Structure formats: C-alpha cells, structure tokens
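A.B. asks:
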Amino acid sequence: MHAHELRRAWTDFWTARGHADVPSSGLIPHHPSAPMFTNSGMMPFVSYFTGEEQVPWTPPRASSIQRCVRAGGKHNDLDDIGRSLRHLSFFEMLGNFSFGDYFKADAIRWAWEFTTDVLGLDAERIWVTCHVDDDEAVELWVDEVGFPIERIQRLDKDNFWEMGDTGPCGPSSELFWDFGPEHGPEGGPANPASEARYVEFWNLVFQQFFRRDDGSLRPLDSQNIDTGAGLERILGVTIDRASVFDTDELASLVRRSEELTGVTLGTSDEADIALKLLADHARTMSFLVADGVVPSNEDRGFVLRRIIRRAIRYAYLLDVDKPITPALAEHTIELMADAYPVLSEQADLITGTLAREEDAFRRTLRSGLAILDGALDDVDAGGELPGTVAFQLHDTYGFPLEVTSEIVEDRGYTLDRAGFDTAMADQRDRARAAGKKGSLAAGDEADAFAAILGEHGTTEFVGRETFDVDARIVGVVPAADGTTSVFLDRTPFYAESGGQVGDTGTIAGDGFAGEVHDALYAVPGLVRHVVAVTDGEPVVGATVRAAIDVARRDAIRRNHTATHLYHWALREVLGPHVKQQGSLVAPDRLRFDFSHFEAVTPDQVRRIEDLVNADVLANDAVHHFETTKDEAAELGAIAFFGEKYGDLVRVLEAGPHSTELCGGTHVRRTGDIGPSKIVSESSIGSNLRRIEAITGFGPIDRIRGEEAELADAAARIGVPRPELLDGIDKRLAELKELRDEVKALKAKLATGGADDLAAQAVDGVVVARVDGLARDDLRSLGVAVRDREGVRGVVLVGAPDGGGVALVAAVAADSGLDAGALIADAARTVKGGGGKHPELAVAGGKDPSRIDEALDQARVAAGIA
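Residue numbers (my numbering): 1025 to 1889.
(1) Compute the Euclidean distance between the alpha carbons of Asn1215 and Ala1306, then round it to the nearest angstrom.
(2) For Leu1359, count neighbouring Cβ atoms within 10 angstroms of its own Cβ and tell me buried if that reaches 16, exposed if not.
(3) Would DSSP call Asn1215 helix, strand or coil?
(4) Is it right to say Arg1740 is buried, meaning 16 or more other beta carbons lie within 10 angstroms of its own, or is it exposed?
(5) Is Trp1038 helix, strand or coil by DSSP?
(6) Where in the stretch 1217–1290 do unbroken runs of the alpha helix (DSSP H), each at least 4 residues long, occur, reported from the N-terminal end onward?
(7) Closest by CA to Lys1346, which one among Phe1233, Ala1792, Phe1385 and Val1501?
(8) Suppose contacts are defined by Cβ-Cβ distances below 9 angstroms. Is Asp1573 in contact with Ile1718 by that definition?
(9) Could you check what DSSP says for Lys1905 in three-state terms: helix, strand or coil?
(10) Short of 6 angstroms in beta carbon distance, which residues of its chain neighbour Ser1246, apart from the five on each side in sequence? Order them along the chain.
(11) Report all residues from its chain with a CB closer than 7 angstroms to the CB of Asp1450; omit the five preceding and five following residues, and keep chain order.
(12) Quick one: what's Glu1408 bridged to in DSSP?
(13) Going by DSSP, which residues form a beta bridge with Thr1567?
(14) Please confirm if the stretch 1838–1845 is in contact with the stretch 1863–1878, defined as three or more CB-CB distances below 8 angstroms between the two stretches.
(15) Please return the same chain residues whose Cβ sits closer than 7 angstroms to the Cβ of Phe1631, not counting the five positions on each side in sequence.
(16) Put His1601 into one of helix, strand or coil per three-state DSSP.
(17) Are the stretch 1475–1491 and the stretch 1548–1568 touching, with three or more C-beta to C-beta distances below 8 angstroms?
(18) Over the uninterrupted alpha helix (DSSP H) stretch that includes Tyr1338, give me the two end residues.
(19) Would Gly1467 be called buried (16 or more neighbouring beta carbons within 10 Å of its own) or exposed?
(20) Using only the alpha-carbon positions, how far apart do Val1540 and Leu1393 sit?
(21) To the nearest angstrom, how far is it from the Cα of Val1829 to the Cα of Gly1817?
(22) Who are the near neighbours of Lys1300 in its chain, counting only those whose CB is closer than 6 angstroms to its CB and skipping five residues on each side?
(23) My parser needs the beta strand (DSSP E) runs of 3 or more residues fully inside the stretch 1129–1216; what are they?
(24) What span of residues does the beta strand (DSSP E) with Lys1701 cover, start to end?
(25) Write down the C-beta distance between Glu1076 and Ile1132 rounded to the nearest angstrom, noting that I regard them as a contact closer than 8 angstroms.
(26) By how many angstroms is the C-alpha of Ser1122 removed from the C-alpha of Pro1172?
(27) DSSP beta-bridge partners for Arg1714?
(28) Can you check DSSP and say which residues form a bridge with Tyr1545?
(29) According to DSSP, what are the bridge partners of Pro1502?
(30) Nearest to Glu1430 by alpha carbon, out of Gln1078, Gly1679, Ala1298 and Leu1594?
(31) Considering only DSSP beta bridges, list what Phe1115 is partnered with.
(32) At the level of alpha carbons, what is the spacing between Asp1876 and Gly1777?
(33) For Leu1769, is the classification buried or exposed, using 16 other Cβ atoms within 10 angstroms of its Cβ as the cut-off for buried?
(34) Going by the beta-carbon positions, is the gap between Asp991 and Gly1535 smaller than 9 angstroms?
(35) Can you tell me which of the three DSSP states Val1486 falls into?
(36) Skipping 5 residues on each side, what residues in its chain have a beta carbon closer than 7 angstroms to that of Ala1737?
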C-alpha cells in the first residue's frame, strides 16, 4: 500500500462510520498545556477532551491524519534518526476519536475490521496488549473479535495513558506486528528483548478515569476514545518491512538523497545513517517552515535551525559541497503537496528559507570544522575535547555546541561539558559586572517597592482619556541616581510596557513640585514615577496633582497606532509569515522588529507606506475596548510578541484592517496619525528585520530639513535648486576630466624619471624606493625603467598617498630573472602578497615602516646585495 492509498482508505473508512473528517492542524499547537510542536493526533482535540470547548460535530466523533514532529522537549527522537528502523522526527498520525459517544467495544471492533479487512493483514502475525486491570478490553478482544487469548499480553504502565499528573486518563490496548524471528526472539511485546521484532502500530486509549490530586481515580462522566496509528509504521507492516525508510515516500526521499550526495545505501554504516537522516529531516524542515516556524536561536526556531544544520552537516560529511536542503524540500513538496497543500502554497518560502540557512551555515562549518579538526588532533584517541575549545567555537565562530558535541561523539571522543559551562558562566559574569554600573534596583529598593504594593495594592491607571488628576502619594523611595521614586494611588502616567515608553510630566501639590522624567513598573501593577524634585519634598499621604505632557503623549499615541497599521501592511506586502518580534513606541519615532528572510526592497517599502497612509487618509474610527481573551480570538485579534495576557484583554481595532491585542494608548481615528514615513530598514539578526518610521509632524520636519539641505547643496555648486541634478552631473563630469588630467600628468612625471632611475642600475638591475605613486603609476614607471638601455630588471617599492605599500618588479624577457621571485620575500616583509608573474609582477602590502628592509631583500633576490 502506498501513502496516498492509506490516507484515502483511512478517511473513507471512518467517514462511512459517521466520523467528521478533520483536516490536519499545523505543527504549532495552541492549547496552553501543549508542547513545543504538535506531537500526536489528539493534540488538536485536547480542549474537547477536557471539556473546555463544546464538540462541534454530531455525532461527536472525528477522524484525522495529523502531521506531527517530535524533535524537542520530552518527546525528542532526533538522536535516533537514521540509527533506528522506525524513529522519525516528522510523521503522520492516523486517529479516530469519540467524545462521549462510542467506547471500547466499537473502538476495538472497528480497529480489527480496518486492520484485517481494509489493510488485509495476516491476523496470525498480530499481537495485542491490554492493561493488567482491564478485563473488559480482554473480553472484548476474545469474545467480540475472536482474537486468541494466547496472543494477548497484560502490561501495566505501558498500557495506561495519562494527560498529566492530574486530569483525564485510562487504560489502553495496543496492536503489534510480528516481523519474524530474524528480528528477535519470541515472547511477544512483553519481552524487552523482542522490541525490534514486535512493533506497535496502533494504540487505542480508553479515557474512562480522572486522576485526582491525591492520585486516586474516579470514573469520568463522559468516556472518550483516542486512538493513534503511525502512518509510516502501518505502511511498513503492509509491505512486511521493519524499516519505515522502505515505505514509498521515505524511500523516494532516500533515493533523492543518494542522487544529491552521490552516495548509495550500503556504502557504510555512517553513509546509511546520513542518507536516512536527510530523508527524514527533509520532511521535518519543510513542514516546520510551511507552518510558520522561522529559524532562530530560541524556542521552536532553534529546533528548526538545529534540524536544518544537522542535515547540512551530514551532507557535508558525505563531501557534498553544494546546497542540498532546497532540493530535498522540493522533492518533499512534489511527494506530499497533494495531501498537504500548504507545502505548495509556501514552496518559495520553504526553499528560500532553507537556501539562506544553508549558505550561512556552510560558511560557519568550513571555519569551525577546520579549528575543531586541529583541536582533536591534539587529543588522545578516545580522549576529551576541552570545554574551552567548544566555547571558543561557539562564542567566536558561531559554531553550535550541539554540532560540536555530535562531531566529537561520532569520532569516538568525549566533550568536557563542565568546562564549556564554566567558560559560558564566566562570560555571563563579565557581562553582568560590566552592566552593573548604573543599575537601578538595589535590594533595599526592591523591598521598599514590595512593601508599598503589599500595603496599598496596585496603581489605578486613569490616563486613557484623563491627562491630569488629583492623587494621593502612597510611597516615596529615594533613588541612587538622585531622583525620587514617587508612588500614587492612581495616575494618568502610562508606565513603560508593550514597547511604549513611559509618560513624562509633573507632580505638584502640598508644598511639593517635581518633574516626572519617566514612568515604569517597579513591580507588576505598581507604577513608579521617576521624579526630579524642583521644590519641597514629597510626603506620603499628601494630595497632589499629577499631569502628563499631553503633546508628548499625543505623539506617542500617533506612533503606537501607526505601529499596528505597519504590522498589517508588512504582512500584506511581504506575506503572512511576518510576525512582530519587538517594538519601541516613542514620541519621535516608532520601531518595529519582525520576522523576514531578506531585506525589504525600496519598492516594497513604498507599497507598505502607501497602505499605511491610505488607511490614515480614510480617517476610520479606532476602537479600543476590553473583552475576554476568547472573544478577542473570535474577532481574529493578533497577539503581540512577548506580551502576557490575562482572561481580560484590550483589543485595538485600528480601521478596517488591523485588529490586535494591545494595552497601550492610541488615537481616536486613523487620520489623527497624520502622514507616516519609513526612515530606515535594516537587519537585526538572522531572519529578523527592523523598520523605523515617523508620523505626525515628523515627516513634515524631515521634508523641511531635506529641502534646506537641497537648497544649500544647490547654492554650493551655483545652480538654482530645480537644476540641482543637472548641476551635479556637470560638476562630476568636470571632476572626472580633471582627475584624468592629473592621472596623465602623474604618469608622465613618473615615466619622466625613468632615465634617472635607470642610471642607478647595478649589474643591470634597479632596486629603488619611489613614494607617492599609486600602484598603476608605479607599474608604468617600472616598465619604463626596464625598457631603458642597459637595464634587465627593476624593483620599485613605495608608499602610495592612500596608504599601504606598492611593489613592482619588471624584467626583460632574456634577463634570466623572475619578477615574481624578486619581490616574493619583500612582499611578505611588508605584510602583503601577490605578484607572481615571471616578467611583470605587482604586489601590495600593509606595513610601510619596513619598506627599506623589503628593498634589501629584493637586492638579495636580484643578486646585487
């Protein structure tokens, strides 16, 4: 059976039995309890099993073919890939699910029906396991299905499933295929020595209990079915092959890996591991990129980057010196896009991402492997690589620790992890010590902040529409920098958070006045006003008037709402893979960091600006309101990077296109933003870009400044401003003519001294220092001297006006001299090189202080010392 046939057979079987056909969800799960990646078929249904959401299907049963990845955290099969017959980092999980509908009898009966009738498997080679206490399941297998009791084994922990320490759980029953005596001894699945022979291919979980905090079990009111059958394992069973790499799609990827590497299965154990790993990782990295994971150094992005780099490294070790991952991805797309259209939809993103990652990592590999090879040469066979070497590779060359570790272990060495950790800790301590100067929070300050919070509670923020308010001072804490931290029971000052800077303004009253330079959270919920006291002293209990700088707040609001419009516009122009990765909202500018793989082109910048300004000109209403997190999700609100949200959230609807979660301050209508202009676009890291933009009066001020600069430039070259470009072109042409004249004069002057230099010949060879000439001019002079009567060779060395050293050697054809040899040692002396032509050699150097020494070496080389 082929993969597409099994997918179709599975879907047809369960839809015929009233199951909703649920498409595969992506590899990034959304449930709060979910792991890093979707790693099982039941993951998208967790909220139905826990009762958090109502099951949307009638009857309440479903089936799916779910793409899964196990490559991080508790479920991590990476180290087994290629070495094991059946472990994969990407796999497809077939599943059928009942949410309080049918239970054990139907689950067991249908599983057997699919296994024997649809798949046509030999019933005599199937084994079943059940939980030691689940007599009901055993009876169903024997009495309802007619399965022989002698091939049913009772296990404990291996046949009991739990979602966590508490929550739904229950016994399970598993189906195993016997691959025969060549794969291990008899004894069934219960025999640990027979693991390779008896391979589990379907797990039926009977969720019938709830685990309490005290560990006891109570029956669930609604009993559920959750089954999982590995597609690749079932395919292997249908062809009676123990290795999943013999199944059609993986075998095709192995063959493609052979074509790309020029290495075939069976060449060596190491080559077999590499080819299978490439086949597996081709699917994993293709699907992860398609589902929105961006290679980075954190979280999911780090796992993806590691998978890509492992594939590249194994290809590199097979002497593959050309990019391989894009071609592997293209073959994955060709094989699986019919089942998973997201692959073809994101084909350019997948291949482009992998090409960029591979190009960058191959450069790292070349430099890092050379250093690692040299270091391992100094280690005795089977010895330990010092952790300091691994740290140097990591810190200086960007060589990942896990790659160093894998290479070291593959070659039979060990790695001094403790030494690496010590070096890393020392670096952190140095960074921490460097940053301590001027740090804010001393221990006594933190204690004081906690005490204020404990006594008075959090600060009430009233500053969305109220810009000055009477408030009571509830805390005063002097700061080490001479300012005073003032705490109020309520405040109009927005405390820095979500990328928006804190407000500034004044606090005054009861004989006290001060300028608020910043507003921050001392601890969550407690606003700290950083105050420079101008009169009197703040006193706890005093009533004061707190007022923000309204003009500054207005500028911040314009930039903050514009940030949301830019997020929408970036996704419209660059693609839905764009995700916000950080931001700064200040009065003079906004800064927005986002995931993207290449520089934003000038044309794309214009299109982004046009989209934003079109929404500004539309002057649509901006709605900023509080709602529940679930309602916000139904509205399609996008959560911003790095923010934590409670059950109640604030939603910003900025015109018709942007709906996002945000707790900041915003304008009332998009037209309040005013004109907006992107002023810079740059890279801030691998696959991360940054734009900075201005709004309101910012673009007007920028236009005025540029107009003044243009007027000044026009005045300097003596033309009216409308004729500035023509005037510049004219001046550049004149400048070129003058430079050409100067160059010609210099060349003429240089060659004019050829006779004088020729007169210095010793045994027909001239060795002289000539400063102030560019390398080409020095070359012309050398040729002119060589062509003088009585000269068979010449070496000229000098310091050009632009710095450095220029060396020229020219010899006659019948001189018996070699121009390159004449200046070889001299070039090295001045820290340079080049120039190996036997008749005319030109070289450069960096150290003018050693020119005279270089001339002496040239005389020795010419035999006239």
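Here a beta-carbon is modelled for each residue, glycine too, at the ideal position from N, C-alpha and C.
Computed from a predicted model, the values in this text were never measured in an experiment.
C.D. replies: Result, derived from the coordinates:
(1) Mapped onto the sequence shown, residue 1215 falls at position 191. Mapped onto the sequence shown, residue 1306 falls at position 282. Spanning the two alpha carbons is a distance of roughly 34 angstroms.
(2) For this step, residue 1359 is matched to residue 335 along the sequence shown. By the neighbour-count rule (16 or more Cβ atoms within 10 Å), Leu1359 is buried.
(3) As a working note, residue 1215 is residue 191 in the sequence shown. Of the three classes helix, strand and coil, the one that applies to Asn1215 here is coil, per DSSP.
(4) Taking the first residue of the sequence shown as position 1, residue 1740 is located at position 716. Exposed.
(5) Along the sequence shown, read from residue 1 onward, the residue named residue 1038 stands at position 14. The answer is helix: DSSP assigns Trp1038 an H, G or I state.
(6) 1255–1262 and 1272–1285
(7) Within the sequence shown, numbered from 1, the residue matching residue 1346 stands at position 322. Closest option to Lys1346, Cα to Cα, is Phe1385.
(8) Numbered from 1 along the sequence shown, position 549 holds the residue referred to as residue 1573. Numbered from 1 along the sequence shown, position 694 holds the residue referred to as residue 1718. No.
(9) The shown model of the chain, from 1025 to 1889, leaves out residue 1905, and the question about it has no answer.
(10) For the purposes of this step, residue 1246 is identified with residue 222 of the sequence shown, where counting begins at 1. Around Ser1246: Gly1124.
(11) Looking up residue 1450 in the sequence shown gives position 426. Same-chain partners within the cutoff: there are none.
(12) Position 384 of the sequence shown holds residue 1408. Paired residue(s): Thr1438.
(13) The sequence position of residue 1567 within the sequence shown is 543, counting from 1. Answer is Arg1496.
(14) yes
(15) By 1-based counting over the sequence shown, the position of residue 1631 is 607. First, the residue type needs correcting, since residue 1631 is Arg and not Phe in the sequence shown. Answer for Arg1631: Val1597, listed in chain order.
(16) Translated into positions along the sequence shown, residue 1601 becomes position 577. Of the three classes helix, strand and coil, the one that applies to His1601 here is coil, per DSSP.
(17) yes
(18) The count along the sequence shown starts at 1 and reaches residue 1338 at position 314. Its alpha helix (DSSP H) spans residues Asp1323 to Leu1341.
(19) Locating residue 1467 in the sequence shown gives position 443, where the first residue counts as 1. At Gly1467, the pLDDT of 49 sits below 50, so the modelled position is not reliable and the matter cannot be decided from this model.
(20) The count along the sequence shown starts at 1 and reaches residue 1540 at position 516. The count along the sequence shown starts at 1 and reaches residue 1393 at position 369. Using only the alpha carbons, I get a separation of about 55 angstroms.
(21) To locate residue 1829, count along the sequence shown from 1; it is residue 805. To locate residue 1817, count along the sequence shown from 1; it is residue 793. Cα to Cα, Val1829 sits roughly 20 angstroms from Gly1817.
(22) The count along the sequence shown starts at 1 and reaches residue 1300 at position 276. The residues are Gly1106 and Phe1269.
(23) 1150–1155, 1176–1179, 1184–1186 and 1191–1202
(24) Walking along the sequence shown from the start, residue 1701 turns up at place 677. Unbroken beta strand (DSSP E) run through Lys1701: Ser1700 to Gly1709.
(25) Sequence index remark: in the sequence shown, residue 1076 carries index 52 (1-based). Sequence index remark: in the sequence shown, residue 1132 carries index 108 (1-based). With 8 angstroms as the limit, Glu1076 and Ile1132 do not qualify as a contact, their Cβ atoms being about 28 angstroms apart.
(26) Residue 1172 sits at position 148 when you count from the first residue of the sequence shown. Residue 1122 sits at position 98 when you count from the first residue of the sequence shown. Taking the straight line from one Cα to the other gives about 27 angstroms.
(27) Within the sequence shown, the letter at position 690 stands for residue 1714. For Arg1714, which the question treats as bridged, DSSP gives the partners Asp1617 and Ser1706.
(28) Mapped onto the sequence shown, residue 1545 falls at position 521. Answer is Val1551.
(29) By 1-based counting over the sequence shown, the position of residue 1502 is 478. Answer by DSSP bridge pairing, in chain order: Thr1508.
(30) Residue mapping note: residue 1430 aligns to position 406 of the sequence shown, counting from 1. Residue Ala1298 is the option with its Cα nearest to Glu1430.
(31) As a working mapping, residue 1115 is identified with position 91 in the sequence shown. Phe1115 is bridged to Cys1092.
(32) For the purposes of this step, residue 1876 is taken as residue 852 along the sequence shown, with counting starting at 1. For the purposes of this step, residue 1777 is taken as residue 753 along the sequence shown, with counting starting at 1. Using only the alpha carbons, I get a separation of about 20 angstroms.
(33) Position 745 of the sequence shown, counted from the first residue, corresponds to residue 1769. Result: exposed.
(34) Outside the displayed range of the chain (1025 to 1889) lies residue 991, so it cannot be described from this structure.
(35) As a first step, residue 1486 must be located in the sequence shown, where it is residue number 462. Three-state result, Val1486: coil.
(36) As a working mapping, residue 1737 is identified with position 713 in the sequence shown. For Ala1737, where only same-chain residues beyond five positions count, the Cβ hits under 7 angstroms are Leu1748.
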